[in-house]
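Residue 240 in UniProt numbering sits at position 240 of the sequence shown; the count goes up by one each step and never skips. Glycine residues also receive a C-beta, built at the ideal position from the N, C-alpha and C atoms.
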Amino acid sequence: MPYYHYKGRNKKGRIVSGRQKGSDEKEAGERLQAKGITAKELTELEGFLYRDISLGSGVSAKEFVLFLRQFFTLLQAGISVVESTNILAQQLSGKQFRRILSEMESELRTGRSFSHAASQHPSIFSSLFVNMMKAGEAGGNLDDMLDKMASYYEKRYETRRKVMNALIYPAVIGTVAAAVVLFLLLYIVPTFAGMYNSFEADLPLITVFVLRAGELVQSIWWLLPAGLAAVFFLWKALRKRNRTFLYYTDYALLKIPVFGMLLQKAEIARMTRTLGSLFQSSVPIIQSVAIVEGTTGNAVITATLKEVRGALERGESMAGPLEKMWVFPPMVTQMTAVGEKTGTLDAMLDRIADYYEAEVDAAADQIKSLVEPIMILILAVVVGIIVASIAIPMFDIFGQVQ
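Rendered as structure tokens:
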């Protein structure tokens with residue numbers, strides 16, 4: 001589900017801007033309207049690393065976690081919410097974040113709650129965060145809720161970082177391998193091609209193939225980056241504008257050997273951790289599922305959560321729709337069913353999240369240990385074939401000369 005950057009006015013007529021998630025422009029506008037914001041401009045965005053955390057406006061995940069930890073410490077020391085916000089607005093390093101906190105302080109001094117002030121800046125504070133703060137205010141434990149959210153975001157940030165590192169690592173190795181092969185075909189192979197032509201030597205089939213490949217790459221090398229760029233932008237455009245394409249590409253990503261399993265485990269950990277946190281804070285179950293729909297990074301998971309919400313609205317169990325989807329292993333559905341029956345669903349979801357976060361760590365390490373030798377082996381074979389195809393005719397020519 002994409003994000004939209006918006007500009008508009010809130011109920012007080014103040015100009016506001018930020019990011020809002022929605023399946024399309026209409027839904028994003030409706031969600032903003034529900035928050036009391038009338039959008040004047042909506043521009044679709046793409047993001048991956050922090051989209052579930054809903055951080056924008058130049059605020060990093062680390063800075064946000066630091067803010068939560070410091071806020072918690074100030075409240076624990078007996079400093080009021082207003083004064084704590086004022087202190088942090090002066091201390092934080094990010095100028096944009098300081099400006100937003102100053103605006104929130106002004107809201108707080110008019111008697112507004114912290115959750116309301118946060119809801120006016122959805123580019124920084126997600127609906128998950130706002131609802132958790134509401135629960136903390138209602139229960140009189142806002143400081144504990146801030147501490148819980150800091151731990152939540154730390155775990156989410158760490159899990160996302162490990163997934164990204166695991167995916168980037170083979171991409172970097174693959175890029176280096178491709179660069180080596182292109183260098184050989186563009187600069188080394190043509191040198192020997194001229195020599196072989198001058199001798200009019202009979203060349204082995206493998207040598208002819210490599211020389212023709214070098215000629216082809218030399219003639220169309222400029223099409224390679226252009227083609228890759230075209231494919232990339234077409235992919236992004238189709239995922240933005242076509243829900244069916246988005247669903248099936250996310251489905252395909254989950255089916256990729258090794259990498260798909262990593263993405264699946266990360267999504268399950270994200271979903272269950274978020275649901276568990278909301279349930280523990282006494283947020284109604286249907287509302288919790290609706291919130292989590294906006295935090296998932298995969299259309300297959302989002303579609304399943306919509307089915308879960310529909311089942312709950314009909315008075316059915318949560319485990320039923322999960323059991324029907326292949327993306328959720330039996331352990332997830334069974335522990336969810338046990339949690340529903342025993343009234344310990346929040347604890348069960350936390351246990352599932354703990355398990356799958358550990359599984360993400362193991363899967364990321366496995367990918368690194370598997371990919372490196374495989375990529376090196378492939379590179380060695382390709383380079384070996386190119387070198388051998390060049391060397392074999394050269395030995396034949398030297399033999400004839402002697």
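Buried versus exposed, by CB contacts within 10 Å (16 or more), residue i
i           : result
residue 274 : buried
residue 120 : buried
residue 71  : buried
residue 309 : buried
residue 147 : buried
residue 376 : exposed
residue 248 : exposed
residue 264 : buried
residue 372 : exposed
residue 41  : exposed
residue 330 : exposed
residue 187 : exposed
residue 88  : buried
residue 145 : buried
residue 54  : At residue 54, the pLDDT of 42 sits below 50, so the modelled position is not reliable; the number obtained from the coordinates is stated separately. The residue in question, residue 54, is buried, as its Cβ has 16 or more Cβ neighbours within 10 Å.
residue 214 : buried
residue 205 : exposed
residue 8   : buried
Selection from the options that minimises the alpha carbon distance to residue i
i           : options               : result
residue 160 : 371, 360 and 377      : 360
residue 288 : 135, 103, 148 and 185 : 135
residue 207 : 81, 8, 73 and 387     : 387
residue 116 : 37, 178 and 170       : 37
residue 85  : 389, 205, 102 and 232 : 102
residue 151 : 277, 141 and 123      : 277
residue 225 : 194, 182, 249 and 264 : 182
residue 59  : 29, 39 and 19         : 19
residue 269 : 236, 350, 385 and 15  : 350
residue 358 : 331, 171, 266 and 368 : 266
residue 39  : 218, 14 and 391       : 14
residue 393 : 145, 202, 217 and 368 : 202
residue 91  : 67, 81 and 344        : 67
residue 411 : 77, 293 and 211       : The requested residue 411 does not occur in the structure, where the chain is confined to residues 1 to 402.
Identity of the residues DSSP links to residue i by a beta bridge
i           : result
residue 301 : According to DSSP, residue 301 bridges with nothing at all.
residue 16  : 8
residue 39  : 8
Residue i: CB within 6 angstroms of a non-hydrogen atom of the ligand HEM
i           : result
residue 369 : Among the components of this structure there are no ligands whatsoever, and the ligand HEM is therefore not found.
Task: the region 94-112 touching the region 252-260, judged by at least three CB pairs closer than 8 angstroms - done: no
TODO: Take every Cβ of the region 313-321, pair it with every Cβ of the region 329-345, and state whether three or more of those distances are shorter than 8 angstroms.
DONE: yes
TODO: Output the residue ranges of the beta strand (DSSP E) runs that lie fully inside the region 181-213 and measure 3 residues or longer, sorted by chain position.
DONE: none
TODO: Take every Cβ of the region 162-180, pair it with every Cβ of the region 363-372, and state whether three or more of those distances are shorter than 8 angstroms.
DONE: yes
TODO: Assess, as a yes-or-no matter, whether the region 279-286 is touched by the region 296-316 under the definition of 3 or more beta carbon pairs within less than 8 angstroms.
DONE: yes
TODO: Enumerate, from N- to C-terminal direction, the unbroken beta strand (DSSP E) stretches of 3 or more residues contained entirely within the region 233-309.
DONE: none
TODO: Identify every run of the alpha helix (DSSP H) within the region 107-133, keeping only runs that are complete inside it and at least 4 residues long; order them along the chain.
DONE: 114-119
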